[in-house]
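**Q** Here the UniProt record's numbering is used: the first residue of the sequence shown is 1, the next is one more, and so on.
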Amino acid sequence: VATHASEEEIITMLPSHELLSSCSLHGINHIFVSGRLGIRQTLWALAFLTSLALFLYQAAKCAISYLEHPHVTALNEEASPEMVFPAVTICNINRFRFSALTDADIYHLANLTGLPPKNKDGHKPTDLMYPAPDMQDIFNRTGHQLEEMLKSCNFSGHNCSVEDFSVVYTRYGKCYTFNGNKTTSRKSKQGGMGNGLEIMLDIQQDEYLPIWRETNETSLEAGIRVQIHSQDEPPYIHQLGFGVSPGFQTFVSCQEQRLTYLPQPWGNCRSTSKEKFPGYDTYSISACRLLCETNEVLRVCSCRMVHMPGTAAICPPSKINCVDRALAQLQKNSGDTCPCETPCNLTRYGKELSMVKIPSKGSARYLSRKYDKSEDYIRDNFLVLDIFFEALNYETIEQKKAYDVAGLLGDIGGQMGLFIGASILTVLEIVDYIYEVCASTHTHTHTSGQSQCGTRNSCDVISKNVRLDYVTDYRDF
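(1) Which parts of the segment 133-213 are runs of the alpha helix (DSSP H), unbroken and 4 residues or longer, counting only runs that do not cross its ends?
(2) At which residues does the beta strand (DSSP E) containing Cys288 begin and terminate?
(3) With distances taken from CA atoms, which of Gln257, Ser80, His442 is nearest Lys187?
(4) Using 8 Å for Cβ pairs, my map puts Thr282 next to Leu383. What's the rounded Cβ distance?
(5) Mind checking who Ala74 pairs with in its DSSP beta bridge?
(6) Please state whether DSSP places Cys322 in a helix, a strand or coil.
(7) DSSP on Gln231, reduced to helix/strand/coil?
(8) Considering only the beta carbon of each residue, do Ile203 and Leu385 sit closer than 8 Å?
(9) Would you identify the three-state DSSP class for Ala45, choosing helix, strand or coil?
(10) Taking C-alpha atoms, which residue in Ser99, Ser219, Asp134, Gly192 lies nearest to Ile314?
(11) Could you work out which residue in Cys344, Met305, Ala312, Gly180 is closest to Ala326 when comparing CA atoms only?
(12) With distance defined between alpha-carbon atoms, name the residue in Gly143, Pro317, Cys175 nearest to Thr89.
(13) Any chance you could list the alpha helix (DSSP H) runs of at least 4 consecutive residues sitting entirely within the segment 358-426, in chain order?
(14) Kindly identify the DSSP beta-bridge partner or partners of Met355.
(15) Inspect the beta-carbon positions of Ser286 and Gln231 and report whether they are closer than 8 Å.
(16) Tell whether a beta-carbon distance below 8 Å holds between Gly173 and Arg95.
(17) Could you say which of Asn181, Ser156, Gly157 lies nearest to Glu163 if we only look at CA atoms?
(18) For Cys91, name the three-state secondary structure that DSSP assigns.
(19) Starting from Thr113, trace the alpha helix (DSSP H) in both directions and tell me its first and last residue.
(20) Does the separation of the CB atoms of Ile138 and Leu259 fall below 8 Å?
(21) Looking at the secondary structure, which residues open and close the alpha helix (DSSP H) in which Asn268 lies?
(22) Any idea what DSSP makes of Tyr349, helix, strand or coil?
(23) Per DSSP, Gln257 is paired with what?
(24) Using a 10 Å radius around the Cβ and a threshold of 16 neighbouring Cβ atoms, would you call Glu147 buried or exposed?
(25) Identify the continuous beta strand (DSSP E) that holds Phe242 and give its terminal residues.
(26) Quick one: give me the first and last residue of the alpha helix (DSSP H) that His30 is part of.
(27) Closest to residue 493 by C-alpha separation, out of Val405, Ile378, Asn179, Ser423, would be which residue?
(28) Suppose you measure from the CA of Arg97 to the CA of Ala104; what does that come to, to the nearest Å?
(29) Taking its Cβ as the centre, do 16 or more other Cβ atoms sit within 10 Å of Asp127, making it buried, or is it exposed?
(30) Among Cys322, Cys438, His144, Ala63, whose alpha-carbon lies nearest the alpha-carbon of Asp206?
(31) I need the DSSP call for Val437, collapsed to helix, strand or coil.
(32) Based on Cα-Cα distance, which residue from Asn159, Thr177, Ser156, Cys160 lies nearest to Ser166?
(33) What separation, rounded to the nearest whole angstrom, lies between the Cα atoms of Val431 and Ile424?
(34) Three or more C-beta pairs closer than 8 Å, one from the segment 339-352 and one from the segment 261-269: is that the case here?
(35) Taking the alpha-carbon positions, what's the Thr73 to Ala402 distance?
(36) What three-state label does DSSP hand Thr455 in the structure shown?
Written out as structure tokens, the structure reads:
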């Protein structure tokens, strides 16, 4: 009887009744009240369960939205007192000057240029004694020289010269980059025409190679290719450049754009400092493409082209067909074999081009006398390129997290307060209740064990005493 009484006492001491009657969770105290379960308690129970179901539904929607990792794009325009002028790379579309080619060059470059032998009988066997060609020397020696092409140069009202350009090799051969050094980059302090780079070039069409047959490298155009890019990325001018024609002054109005992308799982960008590339401190798509092309050509042809980074041997002209096949296959499967991710931080330049014809009738004779060229030569070969910032401001295009942890907690907290009137403190109440239940259960189990043990010992003692008394009484009897 004592054991049953103790159990009932322990059960009545459990904190469940006290929690349910005083919990801050809305509606609970109206359900668990003393007395019979009536209509009022039933309606409150239905209302609470409905609100709880709606809360769980909304909380699940919030969690699903967060796990989708959405983002938004913010566009802003900011002014600056001065801006770093971009790097400008220029290439003559013609890669080899015809007058600079030797018999050995023509012999070795036959697959590249399509030029026939200089005599009608073809090359003699002694021609095979030509030394192995040095492609970098050929490009450097036979390419168009900036000293001969550059007629005038001006940057923000100050004269510039050939020394302000650096040599760079691309698919077009020997090219030149203005303001390519990041540590000594020039800055513009005003926007508009006349506050950037203005150069006059002679493209030297009389040095263009005659076309006898078409090859993969044959060009039918005349002019230059230009790429405006950041100092952090190498020129990729054969795909990203634009053309400038002789006989025109071309105006290029630039707008700097600074883009910021999000990494996984919100976006798909790559940190600019994750992997270095030869000669560049930051990752860029152009550097990634060049590296992919280099690795593919090395794998297939066991050499690299002049403009490709690395220290491997440069491909001789006899392997040009191998290089073309490797690059064509790479371009076909570039998405699988060469996935170049967008860098998380990127600077690019929007461009607007306009042009006017040069020379005018009034200036043709003056330029003819100044440069000792005919007026027809001036019209067919001279061009002016004017690159400037439209204004001293830049656009920022930034991806931002549309839904972060703070937003998730705020939404769930709002839904929890709206539907069931709960808060963090309510959750703490429930946790405290669970702890009390566990503690009470442990205490009840321990007390029951001691009670059983004490009862058994008492019975044994009583049993023994009864037997002794019985024997004693029997003897007395």
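The beta carbon of each residue, even a glycine, is placed where N, CA and C say it ideally should be.
Remember, it's a predicted structure, so these values are computed and weren't measured experimentally.
**A** With the structure as the only source:
(1) DSSP runs (the alpha helix (DSSP H)) wholly in the segment 133-213: 135-142, 146-149.
(2) Careful: Cys288 lies outside any beta strand (DSSP E), inside the alpha helix (DSSP H) at 285-301.
(3) Minimum Cα distance to Lys187 is reached at Ser80.
(4) Contact annotation, Thr282 with Leu383: C-beta distance approximately 33 Å; criterion of less than 8 Å not satisfied.
(5) In the DSSP output, where bridge partners are listed per residue, Ala74 has Glu398.
(6) For Cys322, the three-state secondary structure derived from DSSP is helix.
(7) Coil, per DSSP.
(8) Going by beta carbons, Ile203 and Leu385 fall outside the 8 Å limit.
(9) Correct three-state label for Ala45: helix.
(10) The option with the nearest alpha carbon to Ile314 is Asp134.
(11) Per the Cα distances, Met305.
(12) Closest by C-alpha distance to Thr89, out of Gly143, Pro317, Cys175, is Cys175.
(13) Segments of the alpha helix (DSSP H) lying fully in the segment 358-426: 361-371, 375-381, 405-420.
(14) Per DSSP, the beta-bridge partners of Met355 are Thr250.
(15) No, the pair does not count as a contact, with Cβ atoms beyond the cut-off.
(16) Cβ distance < 8 Å, so Gly173 and Arg95 count as in contact.
(17) The residue with the shortest Cα to Cα distance from Glu163 is Asn181.
(18) In the structure shown, Cys91 adopts extended strand secondary structure according to DSSP, grouped into three states.
(19) Bounds of the alpha helix (DSSP H) holding Thr113 are 110-113.
(20) No, Cβ-Cβ distance for Ile138 and Leu259 is not below 8 Å.
(21) Run containing Asn268: none; DSSP gives neither H nor E here.
(22) Residue state, collapsed to three classes: strand.
(23) For Gln257, which the question treats as bridged, DSSP gives the partners Arg348, Glu395.
(24) With fewer than 16 Cβ atoms within 10 Å of its Cβ, Glu147 is classed as exposed.
(25) Segment 242-244, the beta strand (DSSP E) holding Phe242.
(26) His30 -> alpha helix (DSSP H) spans 28-31.
(27) Outside the displayed span of the chain (1 to 477) sits residue 493, for which this structure offers no information.
(28) Roughly 14 Å separates the two Cα atoms.
(29) Reliability fails at Asp127, whose pLDDT of 47 lies under 50, so the model's placement of it is uncertain and the value that follows must be treated cautiously. By the beta-carbon neighbour count (other beta carbons within 10 angstroms, threshold 16), Asp127 is exposed.
(30) If you compare the alpha carbons of Cys322, Cys438, His144, Ala63 with that of Asp206, the shortest gap goes to His144.
(31) It is helical.
(32) Out of Asn159, Thr177, Ser156, Cys160, Thr177 has the C-alpha closest to the C-alpha of Ser166.
(33) Going by the C-alpha atoms only, they are around 11 Å apart.
(34) When Cβ pairs closer than 8 Å are counted between the two stretches, the segment 339-352 is seen to touch the segment 261-269, the count reaching three or more.
(35) Each residue's alpha carbon lies about 9 Å from the other.
(36) Summary for Thr455: the model assigns pLDDT 47, below 50, so the residue's position carries little reliability; its value from the coordinates is reported in the next sentence. Thr455 falls in the helix class under three-state DSSP.
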